[in-house]
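*Asks:*
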Amino acid sequence: MSAIILSVKELTVSFDGFKAVDGLSLVVERNELRCVIGPNGAGKTTLLDMVCGKTKPTQGVITFKDLELTRMSEYKITRAGVGRKFQNPSVYEDLTVLENLEISYPKQRGVVGSLFFRRTAELRLRIDEVADQVYLRDYLDNKAGLLSHGQKQWLEIGMLLMQDPELLLLDEPVAGMSPREREQTAELLKRIAPGRCLMVIEHDMAFVKMIAHKVTVLHQGRLLAEGSMEEIQKDERVIDVYLGH
Amino acid sequence: MGNRLGILGIVTLAILLLAILPNVLDPFRLNLVSKYLVFAVVGVGIVLLWGYGGILSLGQGIFFGLGGYLMAMFLKLEASAPELPDFMVWSSTETLPWWWEPYHSLTFTLISIVVLPSALAFVLSYAVFRKRVSGVYFAIITLALALTMTVLLVGQQGYTGGANGITDFKTLAGMSIISDDGKRVLYFVQVLMLFAVMGMAIAIVKSRVGKILIAIRDREDRVRFSGYDTALFKAFAFTVGALFASIGGALYSMQVGLITPTLVGAVASIELVIYVAVGGRMSIIGAVYGALLVGWAKSMISENFPTMWLFFIGGLFIVITMFLPSGLAGLFARLGNKSADGAQRSSGGKEGAR
Chain A
1 MSAIILSVKE LTVSFDGFKA VDGLSLVVER NELRCVIGPN GAGKTTLLDM VCGKTKPTQG
61 VITFKDLELT RMSEYKITRA GVGRKFQNPS VYEDLTVLEN LEISYPKQRG VVGSLFFRRT
121 AELRLRIDEV ADQVYLRDYL DNKAGLLSHG QKQWLEIGML LMQDPELLLL DEPVAGMSPR
181 EREQTAELLK RIAPGRCLMV IEHDMAFVKM IAHKVTVLHQ GRLLAEGSME EIQKDERVID
241 VYLGH
Chain B
1001 MGNRLGILGI VTLAILLLAI LPNVLDPFRL NLVSKYLVFA VVGVGIVLLW GYGGILSLGQ
1061 GIFFGLGGYL MAMFLKLEAS APELPDFMVW SSTETLPWWW EPYHSLTFTL ISIVVLPSAL
1121 AFVLSYAVFR KRVSGVYFAI ITLALALTMT VLLVGQQGYT GGANGITDFK TLAGMSIISD
1181 DGKRVLYFVQ VLMLFAVMGM AIAIVKSRVG KILIAIRDRE DRVRFSGYDT ALFKAFAFTV
1241 GALFASIGGA LYSMQVGLIT PTLVGAVASI ELVIYVAVGG RMSIIGAVYG ALLVGWAKSM
1301 ISENFPTMWL FFIGGLFIVI TMFLPSGLAG LFARLGNKSA DGAQRSSGGK EGAR
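Chains as they are written, first to last, in the numbering used here: chain A, 1 to 245; chain B, 1001 to 1354.
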């Protein structure tokens, strides 16, 4: 089996003539923790939106393993093994942490299956295990709406882990977190990366340095540079448009 | 709503409906209670659809009307056999239309009351939800459909009885439904159906579907990205709502002895939503009490001040939305929580987010 999990070729999307992403190509491999950086409006979030099916590209091909994603609906892309975390933590505030994780369990997702769904011991074990990983073991019975901002971010990552996806798309996972929470999140991401493939959008360069295997820099919808953190930091063009200010 | 409070509410309701009311009310008043309970059945469906799924339908009258008319066809045929129904004769329809024929059979009638409105609701709503139409736009579509349905019923006088609807029933499978004894039997049938519908709704709400509906209401996008076909779940909720409305409509025809286009239209549909808003849109048991209370108020006010009813219901709706967004159930939950201090408020998270 090939090590390439995600491959994007000549991807373009235009909104009323404005090209948010313009002829972008990139490849992400298994076990890789890839960070995507770039100034505001560089097309980072739009790129993730297209991979997970939220936005349909105007042109280009997105391949996940050997599946062509561009024409698939969101829930089918998710079922194929792509998990998406949004920029603003989106959790179900009226449900408990436990219920949030349970809903994300990737079995019996039809209406009939859901009517007769029972919480098995095995599922309970899995929920505890994920809750441990995302530092929420003591909060299982709390309403998600009462969690702190950082905890909501973790819960959403936990919800993705319940789905056991091969590709995780994380949009600013440490936004609004304290320095200590950032460190914990970095540990968490490093721990879950093996066997999967993570794409992380982040503005916090210290955080990127902590986790990134490889960094992709976008600028005005195009690929500006790609390489290890050191290479990127030395790159003149990157310093010009992004790191310099 | 706390669990204990819910159980207390159900037990009280059972005692009230099975032991107290049948013994203290005269047959006329008891029949009125049957009528209120018809709306309670519809209301339970609206709780599921609107309270849990966040889907506001202003067209539940369509399905209420379908159930009511289907039942009325059977009752009318039985009442006028072996001749043609009177309204057909008056509109010079000379032979029974082919699609009336199967309604000589009670079994067929009952099956069609369950199947037809549900099938229509599912096909229609799945198509709309797949197109990502929701919120106010969906409510407007259902409202327009309710209006269309009224126009259709009024226009086809020879087949539907026109503006007068279908009236003058006598028996149901041989049992008189206009005598006091018959009405008493129907009252208990009504209570039984109400508890059956409530049981179904509670089972759905307690299952994973109930949680997914809440999740869809709050963050539909997130649910899609958890791998669910959200349109299917919303269509399911809409279908169950339609089924309950249809059952309610069929019971109405039996209890009241008539069905007319006014019960199908926009105003009737909106009144149904108000019943639920008063009881509390997140509470199945609340919707039942809401229907009982508003129904009783409607009878009292219409008897004493015939012109005031619409003003009253309008005012009530404004007061409820402004001061009691979770209806009577919310009020009771709040009072209950004051004594059981520190208990989590049912809507705490939601209010925090606003």
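Note that CB positions come from ideal geometry on N, CA and C, so glycine has one too.
#1: Does any residue of chain A have a CB that is nearer than 8 Å to the CB of residue 1236 (chain B)?
#2: Tell me which residues of the segment 89 to 106 of chain A have at least one Cβ-Cβ distance to chain B shorter than 7 Å, keeping chain order.
#3: Could you compute how far the alpha carbon of residue 1180 (chain B) sits from the alpha carbon of residue 1043 (chain B)?
#4: One question on the structure: do residue 95 (chain A) and residue 1211 (chain B) come within less than 8 Å of each other, judged by their Cβ atoms?
#5: Inspect the beta-carbon positions of residue 55 (chain A) and residue 1225 (chain B) and report whether they are closer than 8 Å.
#6: What three-state label does DSSP hand residue 59 (chain A) in the structure shown?
#7: Considering only the alpha carbon of each residue, which of A:128, A:185, A:189 lies closest to residue 98 (chain A)?
#8: According to a CB-to-CB cut-off of less than 8 Å, which residues of the segment 122 to 151 of chain A neighbour chain B?
#9: Is the CB-CB distance between residue 62 (chain A) and residue 50 (chain A) below 8 Å?
#10: Residues of chain A with CB under 8 Å from residue 1232 (chain B), in chain order?
#11: Can you name, in chain order, every residue of its own chain whose Cβ lies under 7 Å from the Cβ of residue 1034 (chain B), other than the five neighbours on each side?
#12: Below 8 Å between beta carbons: does that hold for residue 1041 (chain B) and residue 1251 (chain B)?
#13: Below 8 Å, can you find three or more Cβ-Cβ pairs linking the segment 1213 to 1230 of chain B to the segment 1067 to 1077 of chain B?
#14: Among B:1198, B:1119, B:1282, B:1199, which one has its Cα closest to the Cα of residue 1236 (chain B)?
#15: Going along the chain, which residues of its own chain have a beta-carbon closer than 6 Å to the beta-carbon of residue 1280 (chain B), five neighbours each way excluded?
#16: Of the residues B:1162, B:1195, B:1334, which one's Cα is nearest the Cα of residue 1258 (chain B)?
#17: If you follow the beta strand (DSSP E) that residue 84 (chain A) is part of, which residue opens it and which one closes it?
#18: For my contact list, residue 167 (chain A) and residue 4 (chain A) are in at a C-beta cut-off of 8 Å; report their separation, rounded to the angstrom.
#19: Short check: CB of residue 11 (chain A) to CB of residue 60 (chain A), under 8 Å?
#20: Measuring CB to CB, does residue 223 (chain A) end up less than 8 Å from residue 241 (chain A)?
#21: Can we say the segment 193 to 208 of chain A touches the segment 23 to 33 of chain A, given the rule of at least three CB pairs closer than 8 Å?
#22: Determine the burial state of residue 1148 (chain B): buried for a count of at least 16 other Cβ atoms within 10 Å of its Cβ, exposed for fewer.
#23: Go ahead and label residue 1003 (chain B) buried or exposed: buried means 16 or more other beta carbons lie within 10 angstroms of its beta carbon, across all protein chains shown.
#24: List the endpoints of the continuous alpha helix (DSSP H) containing residue 119 (chain A).
#25: Is there a Cβ from chain A that is less than 8 Å from the Cβ of residue 1225 (chain B)?
#26: Run through DSSP, which three-state label would residue 214 (chain A) get?
#27: CA-CA distance, residue 1249 (chain B) and residue 1266 (chain B)?
#28: Only counting the same chain, and skipping five residues up and downstream in sequence, which positions put a Cβ closer than 8 Å to that of residue 1100 (chain B)?
#29: What residues of chain B sit near residue 52 (chain A), judged by a beta carbon separation below 8 Å?
#30: Which chain B residues are close to residue 79 (chain A), counting only those with a beta carbon under 8 Å from its beta carbon?
#31: With a floor of 4 residues, list each alpha helix (DSSP H) that falls wholly inside the segment 1113 to 1163 of chain B, ordered by position along the chain.
#32: Cβ-heavy atom distance between residue 156 (chain A) and the ligand FAD below 7 Å?
#33: Please return the same chain residues whose Cβ sits closer than 7 Å to the Cβ of residue 1310 (chain B), not counting the five positions on each side in sequence.
#34: Rounded to whole angstroms, what's the CA-CA distance from residue 84 (chain A) to residue 74 (chain A)? Just pull it up for me.
#35: Give the DSSP-derived three-state secondary structure of residue 5 (chain A) in the structure shown.
#36: Along chain A, which residues have their Cβ under 7 Å away from the Cβ of residue 1209 (chain B)?
*Replies:* Let me lay it out:
#1: Taking the second sequence and counting its residues from 1, one reaches residue 1236 (chain B) at position 236. Yes, because at least one Cβ of chain A sits closer than 8 Å to the Cβ of residue 1236 (chain B).
#2: 90, 92, 93, 94, 95, 99, 103, 104, 106
#3: Here residue 1180 (chain B) corresponds to residue number 180 of the second sequence, with the count starting at 1. Here residue 1043 (chain B) corresponds to residue number 43 of the second sequence, with the count starting at 1. Residue 1180 (chain B) and residue 1043 (chain B): Cα-Cα distance of roughly 27 Å.
#4: Residue mapping note: residue 95 (chain A) aligns to position 95 of the first sequence, counting from 1. Residue mapping note: residue 1211 (chain B) aligns to position 211 of the second sequence, counting from 1. Against a cut-off of 8 Å, the Cβ pair of residue 1211 (chain B) and residue 95 (chain A) comes out as a contact.
#5: Against the first sequence, residue 55 (chain A) aligns to sequence position 55. Against the second sequence, residue 1225 (chain B) aligns to sequence position 225. Not closer than 8 Å, so no.
#6: Here residue 59 (chain A) corresponds to residue number 59 of the first sequence, with the count starting at 1. In the structure shown, residue 59 (chain A) sits in a strand (DSSP, three-state: E or B).
#7: In the first sequence, residue 98 (chain A) corresponds to position 98, counting from 1. The shortest C-alpha separation from residue 98 (chain A) is found at A:128.
#8: 143, 144, 145, 146
#9: Numbered from its first residue, the first sequence carries residue 62 (chain A) at position 62. Numbered from its first residue, the first sequence carries residue 50 (chain A) at position 50. Closer than 8 Å, so yes.
#10: Position 232 of the second sequence, counted from the start, is the residue given in the question as residue 1232 (chain B). Those within 8 Å of residue 1232 (chain B) in chain A are 110, 111.
#11: As a position in the second sequence, residue 1034 (chain B) is number 34, starting the count at 1. Cβ neighbours of residue 1034 (chain B) beyond the five flanking positions: 1186, 1187, 1190, 1255.
#12: Along the second sequence, read from residue 1 onward, the residue named residue 1041 (chain B) stands at position 41. Along the second sequence, read from residue 1 onward, the residue named residue 1251 (chain B) stands at position 251. Contact: yes.
#13: no
#14: For the purposes of this step, residue 1236 (chain B) is taken as the residue at position 236 of the second sequence. Checking every option, the nearest Cα to that of residue 1236 (chain B) belongs to B:1119.
#15: In the second sequence, residue 1280 (chain B) corresponds to position 280, counting from 1. Once the five neighbours on either side are set aside, the close Cβ partners of residue 1280 (chain B) are 1286, 1326, 1327, 1328, 1329, 1330.
#16: Translated into the one-based positions of the second sequence, residue 1258 (chain B) becomes position 258. For the residues B:1162, B:1195, B:1334, the minimum Cα distance to residue 1258 (chain B) belongs to B:1162.
#17: Along the first sequence, one-based indexing puts residue 84 (chain A) at 84. Per DSSP, residue 84 (chain A) belongs to the beta strand (DSSP E) from 82 to 85.
#18: Within the first sequence, the letter at position 167 stands for residue 167 (chain A). Within the first sequence, the letter at position 4 stands for residue 4 (chain A). Contact flag wrong, Cβ pair sits at about 11 Å.
#19: In the first sequence, residue 11 (chain A) corresponds to position 11, counting from 1. In the first sequence, residue 60 (chain A) corresponds to position 60, counting from 1. Closer than 8 Å, so yes.
#20: Locating residue 223 (chain A) in the first sequence gives position 223, where the first residue counts as 1. Locating residue 241 (chain A) in the first sequence gives position 241, where the first residue counts as 1. No; because the gap between Cβ atoms is not below 8 Å, this pair is not in contact.
#21: yes
#22: Taking the first residue of the second sequence as position 1, residue 1148 (chain B) is located at position 148. The residue is exposed, with fewer than 16 neighbouring Cβ atoms inside 10 Å.
#23: Looking up residue 1003 (chain B) in the second sequence gives position 3. Residue 1003 (chain B) should be labelled exposed.
#24: Reading the first sequence from its first residue, position 119 is the one you call residue 119 (chain A). Unbroken run through residue 119 (chain A): none, as it is neither H nor E.
#25: Walking along the second sequence from the start, residue 1225 (chain B) turns up at place 225. For residue 1225 (chain B), the answer is yes, since a Cβ of chain A falls inside 8 Å of its Cβ.
#26: Stepping through the first sequence from its first residue, residue 214 (chain A) is reached at position 214. Residue 214 (chain A) falls in the strand class under three-state DSSP.
#27: Within the second sequence, numbered from 1, the residue matching residue 1249 (chain B) stands at position 249. Within the second sequence, numbered from 1, the residue matching residue 1266 (chain B) stands at position 266. The straight-line gap from Cα to Cα measures roughly 15 Å.
#28: Counted from its first residue, the second sequence places residue 1100 (chain B) at position 100. These residues qualify, in order along the chain: 1073, 1077, 1159.
#29: To locate residue 52 (chain A), count along the first sequence from 1; it is residue 52. Per Cβ cutoff of 8 Å: 1225.
#30: For the purposes of this step, residue 79 (chain A) is taken as the residue at position 79 of the first sequence. Neighbours of residue 79 (chain A) on chain B, chain order: 1227.
#31: 1135 to 1155, 1157 to 1160
#32: Within the structure as shown, the ligand FAD is missing, as the structure has no ligands at all.
#33: Locating residue 1310 (chain B) in the second sequence gives position 310, counting from the first residue. Result list for residue 1310 (chain B): empty, nothing under 7 Å.
#34: Against the first sequence, residue 84 (chain A) aligns to sequence position 84. Against the first sequence, residue 74 (chain A) aligns to sequence position 74. The alpha-carbon atoms of residue 84 (chain A) and residue 74 (chain A) are separated by roughly 10 Å.
#35: Start at 1 with the first residue of the first sequence, and residue 5 (chain A) comes out as number 5. The answer is strand: DSSP assigns residue 5 (chain A) an E or B state.
#36: In the second sequence, residue 1209 (chain B) corresponds to position 209, counting from 1. Per Cβ cutoff of 7 Å: 111, 114, 115.
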